[in-house]
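Please read the structure below before turning to the comments.
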Amino acid sequence: MMEPSMESCLAQVLQKDMGRRLQVGQEIIDYILDQEKSHDLEQDQTALDKMVDGIASSWVNSSNFKVALLGLDLLSALVTRLQDRFRAQVGTVLPSLIDRLGDAKDQVREQDQSLLLKIMEQAASPQYVWDRMLGGFKHKNNRTREGVCLCLITTLNTYGAQGLTLSKIVPHICNLLGDPTSQVRDGAISCLVEIYRHVGERVRLDLSKKGIPQSRLNVIFSRFDEVQRSGNMIPSSGSDKNFEDEDSVDGGRSSSSSSSKVPPGGRRTVMSSVRRPSSASSTKSTGKEAAAGAVDEEDFMKAFEDVPSVQIYSNRELEDQLTKIREVLSDDKHDWEHRVVALKKVRSLMLAGAAEYEGFPQQLRLLEAAFKLSAKDLRSQVVREACITLGHLSSLLRNKFDHGAESIMPTLLNLVPNSAKVMATSGMAAIRLILRHTHYPRLIPIITSNCTSKSVAVRRRCYEFLDLMLQEWQTNTLERHVAVLTETIKKGIHDADSEARSIARKCYWGFHGHYSREAEHLFQALESTYQKALQSYLKSSDSIVSLPQSDRSSSSSQESLNRPLAVKSVISGSVTRSKLVGTRVSTTPGSLQRSRSDIDVNAASSAKSRLSTVPASSPFSSASTLPPGSYASLDGAAGKSDGRVRTRRQSSGSVGGASPSVVDSRGRSRAKVVSQSQPGSRSSSPGKLLGSGYGRIPRATVSVSNTPTDKRSRIPRSQGCSRETSPNRLGLARSRIPRPSMSQGCSRDTSRESSRDTSPARGFAPLASRRHSRS
1 MMEPSMESCL
11 AQVLQKDMGR
21 RLQVGQEIID
31 YILDQEKSHD
41 LEQDQTALDK
51 MVDGIASSWV
61 NSSNFKVALL
71 GLDLLSALVT
81 RLQDRFRAQV
91 GTVLPSLIDR
101 LGDAKDQVRE
111 QDQSLLLKIM
121 EQAASPQYVW
131 DRMLGGFKHK
141 NNRTREGVCL
151 CLITTLNTYG
161 AQGLTLSKIV
171 PHICNLLGDP
181 TSQVRDGAIS
191 CLVEIYRHVG
201 ERVRLDLSKK
211 GIPQSRLNVI
221 FSRFDEVQRS
231 GNMIPSSGSD
241 KNFEDEDSVD
251 GGRSSSSSSS
261 KVPPGGRRTV
271 MSSVRRPSSA
281 SSTKSTGKEA
291 AAGAVDEEDF
301 MKAFEDVPSV
311 QIYSNRELED
321 QLTKIREVLS
331 DDKHDWEHRV
341 VALKKVRSLM
351 LAGAAEYEGF
361 PQQLRLLEAA
371 FKLSAKDLRS
381 QVVREACITL
391 GHLSSLLRNK
401 FDHGAESIMP
411 TLLNLVPNSA
421 KVMATSGMAA
431 IRLILRHTHY
441 PRLIPIITSN
451 CTSKSVAVRR
461 RCYEFLDLML
471 QEWQTNTLER
481 HVAVLTETIK
491 KGIHDADSEA
501 RSIARKCYWG
511 FHGHYSREAE
521 HLFQALESTY
531 QKALQSYLKS
541 SDSIVSLPQS
551 DRSSSSSQES
561 LNRPLAVKSV
571 ISGSVTRSKL
581 VGTRVSTTPG
591 SLQRSRSDID
601 VNAASSAKSR
611 LSTVPASSPF
621 SSASTLPPGS
631 YASLDGAAGK
641 SDGRVRTRRQ
651 SSGSVGGASP
661 SVVDSRGRSR
671 AKVVSQSQPG
681 SRSSSPGKLL
691 GSGYGRIPRA
701 TVSVSNTPTD
711 KRSRIPRSQG
721 CSRETSPNRL
731 GLARSRIPRP
741 SMSQGCSRDT
751 SRESSRDTSP
761 ARGFAPLASR
771 RHSRS
């Protein structure tokens, strides 16, 4: 018979013999439930933690389903005994419980689900548990993904929708609608139907914004209609609010008791920083999906507050506790579990308001060396806790964590190429959190210096970090390192790794949003191949917006496209700069000023090949004056379909009608020149009047009237007043170089009698008056 003590009970839990486990399992359960025998169960927290961890990892995860069932019974007994004190253990047991939701045995799955519901009832709130179960929707086992959906349905039927912030859960369910396994897809649809039953029409509206294919939406909505017609809807006053408001639930049954121990503003500060939306979340879960054990920022944010509660009564007490923590972390001979507890203690003190005490900044400086040592530890659990703690400090202290961030960043970067996924992804998650919250200029050289690392993985991640800084940081924070950023992006564009080059191109456009002039200079210094890759980046990232039908019929130009969302911002002053540079460039022979839709691309290309006397201008001569977003033809990309740079269409109110060189609504200048043609010709079109300095050649050199019909544009055209029938066509002494265009439009022979010449949006009233006077 087992001696009734915590030590002997722990020894029985940790022993490996399967047969012995089956014998002693019931004895351990009886011991836990008997408060007289197990009076020392809660006195030794470390032993209790080891017991729970041993049951979850060795019993519940056992390949013998009988041992797994015994493990679930043991955890159930602990929940019964500890009640809400079991809340601190939820994070330890949930991974194993989520795995068992996909067990091959029905009995194990059912008992596992019952235990989860029991935890929600007795230990923690349903929302607290589900916040930590969201990873189950991405589980590698399809049975588990289906089991998580079924568990959510059971939770809704048991506790209703009032205790859950469903708006957090619905995106994960939507991802499963495209799952390769039909059972998982059916489970996801059943989940959405159950949510609809509790919440109502708000779900239908929300799903229509999720980008779900229409065919799949029709199936879901038909299920919604069936439920509505059946009369099984559950009226609830609070469901809609909880579905919309992510902060409607505090996430813990015992939050009222724990929050009373936190000084005013302490926990509120945590929530405001933790729940802020992530703008670079596209990189946060790739590692987790790629390999077991990987973590991301979402896991870190959940772990920030998953620590024991403590109280601070004085500045002296805080200094004493931080000194003890520093001693433990600085001595690698201490047991690794003690180091993990010490790191969690730092977070506990932060939640208790440690940052409000005057002695804290000095103590934090003293802890930096200990944090470095912990981040270099050989134990992955120590490294993970160190990274979580560093991310937590940054999210709370913001720019006050500047010195600590600079000190720890090289150590965190050394974790990136680590072969242990939990270490590598922990380091990356900590770096992202620090870069989001601590905007310290001296972090920039540390990141950029690693962009030339020999490790491909390090270079890729460092360009991701650089892109994050360019997205999140203010321009004045970056200005001290503009030259370094320029050089680093240039190296990235030339990197040997294709993925690193792709991220570097994204960095270029982020940099352009802050410093457009420097970005344009960098562009001009690149070879044409790299220029084209940069120009095509926005197109490849789904940032091209089609013209509305009405715009096509009136303008036949894609220069009026809206600014794509892929570019973050246009720095103030770029509009003025575009106008000034546009005026200057217009006098350069051969420079490209605007996209022409009235010229046949093939005919113009053949004509251009015969021009040997016209010097070629810089490929970015005109486009460089524009922030990304307008379509301007590029000289080096004549006749090709990917050589455009986009920019925002400027306000038409900026046109100056009285000046000799008139700046139009797109920042281009055009000089007033006298039209030489007859009313039926194209010579008075806006394209002919854009500038007085276009390269001109004798008419005999540019003759494309005999272009073969199979090379002409196939767009229907007017035959009334084409270029071939212009009366004075052969009488012109000079003409402009025809340039190919990427915009929509007709061939060179196509008439635009009532389109481009008289469109009020283009503001060419003087041209129209001259035309009538000549007629």
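When you line the sequence shown up against UniProt numbering, it's residues 1 to 775, in that order. We put the CB at the ideal spot given by N, CA and C, even for glycine.
When C-alpha distances from His481 are compared across Asp495, Phe511, Leu115 and Lys210, the shortest belongs to Phe511. Pairing Asn61 with Met18 gives a Cβ-Cβ distance that is not under 8 Å. Taking C-beta atoms under 8 Å as the contact rule, Cys507 and Tyr463 qualify, at a distance of about 6 Å. For Arg501, the CB contacts under 7 Å within the same chain, skipping 5 residues up- and downstream, are Gly492, Ile493 and Asp495 in chain order. Counting the other CB atoms within 10 Å of its CB gives Gln43 a total below 16, which places it among the exposed residues. Secondary structure at Asp467: helix, using DSSP grouped into helix, strand and coil.
Pairing Thr438 with Ser394 gives a Cβ-Cβ distance under 8 Å. Setting aside the 5 residues that flank it on each side, Val129 is surrounded in the same chain by Val90, Leu94, Leu116, Ile119 and Met120, each with a C-beta closer than 8 Å to its C-beta; the list follows chain order.
Taking 8 Å as the cut-off, the beta carbon of Glu385 is found no closer than this to the beta carbon of Val422.
Taking a contact as a CB-CB distance under 8 Å, the pair Val170 and Gln122 does not count as one, their CB atoms being some 27 Å apart. Only exposed fits Pro410, as fewer than 16 other CB atoms lie within 10 angstroms of its CB. When DSSP states are grouped into helix, strand and coil, Asp296 belongs to the coil group. Its chain contains Pro126 as the residues whose beta carbon lies nearer than 6 Å to that of Thr155, once the 5 sequence neighbours on both sides are disregarded; these appear in chain order. Under the Cβ criterion (8 Å, minimum of three pairs), the stretch 324 to 338 does not count as touching the stretch 456 to 473. Contact annotation: the stretch 395 to 405 does not touch the stretch 376 to 384, with fewer than three C-beta pairs closer than 8 Å. The closest CA to that of Asn315, considering only Ala352, Ser309, Lys210 and Arg145, is found on Ala352. The three-state reading of DSSP puts Glu36 in coil, since its state is none of H, G, I, E or B. With a minimum length of 4 residues, the unbroken runs of alpha helix (DSSP H) contained wholly in the stretch 37 to 121 fall at 45 to 54, 65 to 82 and 90 to 100. With fewer than 16 other beta carbons inside 10 angstroms of its own, Glu317 counts as exposed. In the three-state reduction of the DSSP assignment, Trp130 falls in the helix class, which pools H, G and I. Leaving aside the five residues that flank Lys50 on each side, the residues in its chain whose CB is nearer than 7 Å to its CB run, in chain order, Leu10.
Between His198 and Ile234, the CB-CB gap stays under 8 Å.
Nearest to Asn157 by C-alpha distance, out of Asn142, Arg143, Asn418 and Cys191, is Cys191. Comparing alpha carbon positions, the residue from Asp206, Ile444, Asp112 and Phe371 closest to Gly404 is Phe371. Nearest in C-alpha terms to Gly25, of all of Glu36, Gln35, Thr46 and Ala68, is Ala68. Spanning the alpha carbons of Leu72 and Cys151 requires a straight line of approximately 16 Å. Less than 8 Å separates the beta-carbon of Cys387 from that of Ala375. DSSP, reduced to helix, strand and coil, places Val340 within a helical segment of the structure shown. Less than 8 Å divides the Cβ of Val458 from the Cβ of Pro417. At the C-beta level, Leu367 and Leu322 come within 8 Å of one another. DSSP places Ala496 in no alpha helix (DSSP H); its state is neither H nor E.
Residue environment: Gln12 is assigned as buried (16 or more neighbouring CB atoms within 10 Å of its CB, all protein chains considered). For His521, the three-state secondary structure derived from DSSP is helix. Going by C-alpha positions, Glu520 is about 43 Å away from Lys302. For Gln311, no alpha helix (DSSP H) run applies, since DSSP gives it neither H nor E. A distance of 8 Å or more separates the beta carbons of Leu176 and Ala161.
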